[in-house]
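Working notes, structure below.
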Amino acid sequence: MPDMPAASVILIASDGIEPLHPILSRLRAQSIADTLELVVAAPSDAEALQLALESSAFWGGDVVEADLSTSAKARCAAIRAACAPVVILAEDHAFPVTDQWAEELLAALGGPYDAVGPAIENANPNTAISWAVLAIEYGPWISGDTPYEADLIPGHNSAYRRDVLSAFDNQLEDLMEAEYMLHRAMRVAGARLLVDPTIRIKHVNHSRVWTSVKLVFTGGRVFAATRAAIWSPVLRAAYGFAFPAIGLMRFWRMLRDLWSVDTDRKPPATVILSCALIAAANALGEGLGYAFGAGKVRAAYAKLEYGRWRQIQTGEFDAALPR
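Just remember that the numbering used here sits 452 ahead of the position in the sequence shown, which is counted from 1.
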């Protein structure tokens, strides 16, 4: 094995080793698995988890004891412990489509770019709510076939030069609360971001109605609070009162992005209604976030992010697993 890993794959283990088995299986199948370091943020130093990483086909693995009250804190702890020049953010519910995923991300970062994001496919496409959640979280990246320089790349599932992230030092945690803010700060610092739709992952989306509503509501509030942290009270209030317009704009963008997947067919009525519900919940959360800050929802949002396999409808589990 090489003296230094080519990339460090960052994962969060909130519930032990069991939920990580599917993504570990896909990572072991990667063409450059023996050059990948796995760094897993966990609530405590789990012996079984450490053993699973060390006994696999990877360059190496490490379990980092981390604060999991938000995913940003957990990921930053793992990023600081990583030793490769590239870090790849990954999730236990997002699966590389091909065995060349990691190799292709590294090749894309071999050019002038400081971060690269993939296209996102729906791993559980049989429910309307799943499509609505995918559209609001990853809509801009669900179609396309030509790489392009971008202002934003998919959150939680992209690759970054580690030195670029390290330059933000103590700010990184705050910026990663909403990766939109990280990408904006990177561009201001002169970094270049690439979206390469030829690199693809399948993402499992919430599909239970009530938990999906809670996810996008709390996510909207966390996003707005992070974005508006240094705004004046007047600007925060103005954006807070504008939440109905934000909801309408987001609803239109969701439908536009979903339509781009199949330009010959509009999304069915059930998907359109689901998009309306999800856009409204997200906009209400965003309005409250602008007006009043995040409140106590950051931890609740993290729990909804972590427990993805518990938030899909009956019968979807087997279909959503990687093949």
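The C-beta atom is built at its ideal place from N, Cα and C for all residues, glycine as well.
Residue i to residue j span [Cα, whole Å]
i      : j      : result
Arg480 : Trp553 : 12 Å
Val668 : Leu756 : 10 Å
Gly778 : Ser684 : The chain is shown only over 453 to 775; residue 778 falls outside these bounds and no answer can be derived.
Tyr590 : Pro606 : 7 Å
Pro474 : Ala575 : 13 Å
Ile588 : Trp704 : 11 Å
Tyr742 : Arg478 : 39 Å
Leu463 : Met628 : 15 Å
Ala637 : Leu561 : 19 Å
Ala680 : Asp626 : 12 Å
Ala676 : Gly745 : 7 Å
Asp621 : Ala529 : 12 Å
Ala735 : Leu624 : 26 Å
Lys525 : Val516 : 12 Å
Lys666 : Thr598 : 34 Å
Gly671 : Ile730 : 11 Å
Ala493 : Val640 : 29 Å
His608 : Val686 : 32 Å
Residue j beta carbon less than 9 Å from that of residue i
i      : j      : result
Ala542 : Thr650 : no
Val713 : Ile581 : no
Met456 : Pro577 : no
Ala458 : Trp511 : yes
Asp544 : Pro495 : no
Met838 : Thr678 : Only positions 453 to 775 of the chain appear in the structure, and residue 838 is not among them; the question remains open.
Ser523 : Gly759 : no
Glu738 : Ile698 : yes
Val749 : Val674 : yes
Leu557 : Asp603 : no
Ile764 : Ala754 : no
Residue interval of the beta strand (DSSP E) (run including residue i)
i      : result
Pro649 : 645-655
Val568 : 567-574
Ser460 : 459-464
Asp514 : 512-517
Val492 : 488-494
Arg613 : 611-613
Residue burial classification, residue i (beta-carbon count within 10 angstroms, cutoff 16)
i      : result
Asp648 : buried
Phe547 : buried
Tyr612 : buried
Phe769 : exposed
Arg717 : exposed
Glu489 : buried
Thr766 : exposed
Trp652 : The displayed chain sequence assigns Arg, not Trp, to residue 652. The residue is buried, with at least 16 neighbouring Cβ atoms inside 10 Å.
Thr722 : exposed
Gly468 : exposed
Gly513 : buried
Glu631 : buried
Glu601 : exposed
Ser610 : buried
Arg775 : exposed
Where the alpha helix (DSSP H) through residue i begins and ends
i      : result
Ile730 : 721-744
Pro474 : 473-480
Ser523 : 523-533
Arg660 : Taken as a continuous stretch (DSSP letters only), Arg660 belongs to no alpha helix (DSSP H), as it is neither H nor E.
Ile605 : It is not in any alpha helix (DSSP H) - Ile605 carries neither H nor E in the DSSP assignment.
Ile698 : 695-713
Ala560 : 553-560
Neighbour flag for residue i against chain C, beta carbons, 9 Å
i      : result
Ala518 : Any reference to chain C falls outside this structure, which holds one protein chain only.
*Three or more C-beta pairs below 8 Å linking the stretch 653-665 and the stretch 704-720*: no
*If you pair each beta-carbon of the stretch 613-622 with each one of the stretch 561-579, do three or more pairs fall below 8 Å?*
yes
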